[in-house]
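Protein chains in written order, with the UniProt record's numbering: chain A, 1 to 330; chain B, 1 to 330.
For each residue, glycine too, the CB sits at the ideal point set by N, CA and C.
There are 2 protein chains.
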Amino acid sequence: MVTINDIANLSGVSRTTVSRVLNNSGYVSESAKRKVQEIIESTGYVPSEQAKSLRTKQTKVIGVILPKISTETASRVVDGIDKKLSEHGYHILLANANLNVEKEIEHLRLLQSRRVDGIILVATNIETQLIKTIQEMNVPVVALGQEVPGISSVVYDDYHAAYDVTSLLIEKGHKRIGFIGVSETDRAVGFERKRAFLDAMKAYNLDVYSAWIQEGVFDIHSGGQAMKTILEESPQSPTAIFAVTDRLAIGAMQVIKEKNIDIPKQISVVGIGASDLSKYVSPSLTTVDYYNEKAGIETANLMIEQLVKKEEKPKKLLMSYGLILRDSLS
Amino acid sequence: MVTINDIANLSGVSRTTVSRVLNNSGYVSESAKRKVQEIIESTGYVPSEQAKSLRTKQTKVIGVILPKISTETASRVVDGIDKKLSEHGYHILLANANLNVEKEIEHLRLLQSRRVDGIILVATNIETQLIKTIQEMNVPVVALGQEVPGISSVVYDDYHAAYDVTSLLIEKGHKRIGFIGVSETDRAVGFERKRAFLDAMKAYNLDVYSAWIQEGVFDIHSGGQAMKTILEESPQSPTAIFAVTDRLAIGAMQVIKEKNIDIPKQISVVGIGASDLSKYVSPSLTTVDYYNEKAGIETANLMIEQLVKKEEKPKKLLMSYGLILRDSLS
DNA sequence: GGAACATATGGAATCGATTACATGATCAGG
DNA sequence: CCTGATCATGTAATCGATTCCATATGTTCC
Chain A
1 MVTINDIANL SGVSRTTVSR VLNNSGYVSE SAKRKVQEII ESTGYVPSEQ
51 AKSLRTKQTK VIGVILPKIS TETASRVVDG IDKKLSEHGY HILLANANLN
101 VEKEIEHLRL LQSRRVDGII LVATNIETQL IKTIQEMNVP VVALGQEVPG
151 ISSVVYDDYH AAYDVTSLLI EKGHKRIGFI GVSETDRAVG FERKRAFLDA
201 MKAYNLDVYS AWIQEGVFDI HSGGQAMKTI LEESPQSPTA IFAVTDRLAI
251 GAMQVIKEKN IDIPKQISVV GIGASDLSKY VSPSLTTVDY YNEKAGIETA
301 NLMIEQLVKK EEKPKKLLMS YGLILRDSLS
Chain B
1 MVTINDIANL SGVSRTTVSR VLNNSGYVSE SAKRKVQEII ESTGYVPSEQ
51 AKSLRTKQTK VIGVILPKIS TETASRVVDG IDKKLSEHGY HILLANANLN
101 VEKEIEHLRL LQSRRVDGII LVATNIETQL IKTIQEMNVP VVALGQEVPG
151 ISSVVYDDYH AAYDVTSLLI EKGHKRIGFI GVSETDRAVG FERKRAFLDA
201 MKAYNLDVYS AWIQEGVFDI HSGGQAMKTI LEESPQSPTA IFAVTDRLAI
251 GAMQVIKEKN IDIPKQISVV GIGASDLSKY VSPSLTTVDY YNEKAGIETA
301 NLMIEQLVKK EEKPKKLLMS YGLILRDSLS
């Protein structure tokens, strides 16, 4: 591999001069510049960012830790992050935590060893050990999806989104409403959305039956299982189902349709996420758009602010959301 | 940031010894080892891969160039790639070409400047300039999705998949078959799948009407547009539609349903891709599973072979595929 | 004509690791 | 007691860039 020294020798100048040509800095005569560029061209020399980073102390790489790569949310978010970061010449180093907290911590260390300029943590469960690790590192970290104490984060407005969805159902006249959630250890999706649901029900003085409150695990199948339980374990069926994710909602819809219960005439269903799926299932699913790509962009923005403007104080950004009314609701 | 020198000073040994402890190599006394480890622990020292790579000439990073990040195919593929690469201690540096050939070339250079150990190119259109650039670089490159001359590639069996799908329709008794493709500049999706369709029609002595051959651009909407043209521009409608991607097929289905034409009684629809969507639209879509994650794994495997076993000779791997029969076909 | 300044270039230290080589101690075997 | 392993550690070069500082040559202005 050809190095700056080769270029220097071949052009008959010092590597200092070559460096000047490369970075367009300092004084270089036109003739020297031409000569050097000519040699660079003919040798196909590409300077090593490696070596440069070692000296300049910045890699122009941002590590992105994802809970899982192949999800719609993740890919939208990464798309947004990349859009913004690439504008500023940053690259993304990907790390897949695979829903595993230990791996998340391991990746933090790994990214640190790669001397990334910053780390974006697309978070699920926030654990004390994780927070501790983050605080020990002196690399800017920005979280997306869950609030992490002490660092900048972009969070979805889970509480209000879920509250609005529930209110919507209630205002449409529903009184018997079922709920399909996920484990409350997931603070945003599990805990907050459930809290909002319960609060809204209470605000409207509606009863909540425990048999109608079920839990799934983020996939379509478990949404169906939860729905089965709701339908089978109680004498009376709810007239509406609020599932905390689109996939859970779609699983529920499948089961409802299998039982020849009409959606939305007999049971309305709503989800959260505005997945591609939600638009094309039938009936189309009423859901909430979380603007994931925008969230990615905003997260990258916070990162850039910390890197470029040396912003120290952690910021918290609350994303807005949009209700999408479709046919699964009446 | 604490360096190996700091550790050396604090532990009262040379940095050579620290390096030995770090890499578990050479001779180090138990006492020295303990001392060094203790200091490392207490300072939270993380060695710089940066500096290490500069010396050892390998970064343990693989660049992955994607035509577009937020697609189902891309995320499945990346998932597969990451699974295999992480087993071998490699990380992924992401590059988004955004369906832009110039950006693809630009990213090749950028990745080269980062001294990645290899590059995986998830390809769409192969252009001569791109091939030239690849050949000039002395970094292992593996392509996925399209065959690139001179380098290892993993390709889907577009021809046979499309031929099988067409035969399937014909054997179900369909004679009037419409086709929704994409631009033939996309060799795999555009050219090969169309060629297979035409070949199969010919083999069964079936006529192909030009009004029934339409083109879209990879999204659901354009599938619908193509379908509208097919239905409106010809006196007689086809009894089956073969769309080269699931999204095109789903767009077509939407339009067919809007016109109150029954799927599959009046028109059957098939796609390719086995997208999540295909399973949950109604009727569910008959499609072809391309095993994207597996393809990602295999691609990573080829890369590992080149890196670890120093395999020189380019290999070509043809992926298998699986027909998924669902309700959109009769 | 010399001080002050702009222009052009190179020498050498530096970033944080690895590693070839040298050196010194310890110990076993003849 | 000497020889040659084996063990333990350190010195210094190296990877490929950037950058501070020194030096040399013009150029300008009083």
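Below-7 Å beta-carbon distance, residue i vs any chain B residue
i	result
Arg55/A	no
Val21/A	no
Val281/A	yes
Asn96/A	yes
Leu93/A	yes
Ala8/A	no
Asp246/A	no
Gln112/A	yes
Gly44/A	yes
Ala51/A	yes
Ile250/A	yes
Asp82/A	yes
Ile272/A	no
Ser75/A	yes
Classification of residue i by the beta-carbon crowding that lies within 10 angstroms, buried from 16 upward
i	result
Thr43/B	exposed
Glu41/B	exposed
Val64/B	buried
His91/A	buried
Lys194/A	buried
Ser75/A	buried
Ile256/A	buried
Met1/A	exposed
Gln112/A	buried
Thr166/B	buried
Asn96/A	buried
Tyr27/B	exposed
Ile230/A	buried
Ala203/B	exposed
Val308/B	exposed
Leu318/B	exposed
Asp79/A	buried
Best match in the options for proximity to residue i [C-alpha to C-alpha]
i	options	result
Thr71/B	Ala249/B, Ile261/B, Asp219/B and Val288/B	Asp219/B
Arg326/A	Leu10/A, Pro264/A and Gln58/A	Pro264/A
Thr133/A	Lys310/A, Pro47/A and Glu106/A	Glu106/A
His174/B	Ser320/B, Ser268/B, Ser234/B and Ile69/B	Ser268/B
Gln129/B	Gln146/B, Glu104/B and Pro140/B	Glu104/B
Val77/A	Ala8/A, Val154/A and Leu110/A	Val154/A
Lys84/A	Ile324/A, Ile304/A, Pro283/A and Ala196/A	Ile304/A
Ser284/A	Asn260/A, Gln254/A, Gln306/A and Lys313/A	Gln254/A
Glu171/B	Ser330/B, Tyr27/B and Leu110/B	Ser330/B
Ser86/B	Ile81/A, Asn98/A and Gly89/A	Asn98/A
residue 342/B	Val141/B, Asp199/B and Ser210/B	In the structure displayed, chain B extends from 1 to 330; residue 342/B sits before or after that span and is not available.
Residue-chain proximity (residue i, chain A), Cβ-Cβ < 7 Å
i	result
Ile241/B	no
Val78/B	yes
Glu136/B	yes
Leu168/B	no
Arg115/B	yes
Three-state class that DSSP yields for residue i in the structure shown
i	result
Gly12/B	coil
Leu111/B	helix
Glu312/A	coil
Gly296/A	helix
Glu233/B	coil
Asn5/A	helix
Ile62/A	strand
Leu325/B	coil
Thr71/A	coil
6 Å CB neighbourhood of residue i in its chain, flanking five on each side removed
i	result
Thr185/A	Asn125
Asn5/B	Arg15
Thr73/B	Asn292
Contact set for residue i: own chain, Cβ-Cβ below 8 Å, skip 5 residues either direction
i	result
Leu10/B	Ile39 and Thr43
Val116/A	Thr59, Val61, Ile62, Gly63, Leu93 and Val139
Ala32/A	Ser11, Val13, Thr17 and Val21
Close beta carbons around residue i, own chain, < 7 Å, minus the five adjacent residues each side
i	result
Gly223/A	Ile180, Gly216, Ala243, Arg247, Leu248, Ala249, Ile250, Gly251 and Ala252
Phe197/B	Ala162, Thr166, Phe179 and Phe242
Phe191/B	Glu184
Ile69/B	Asn96
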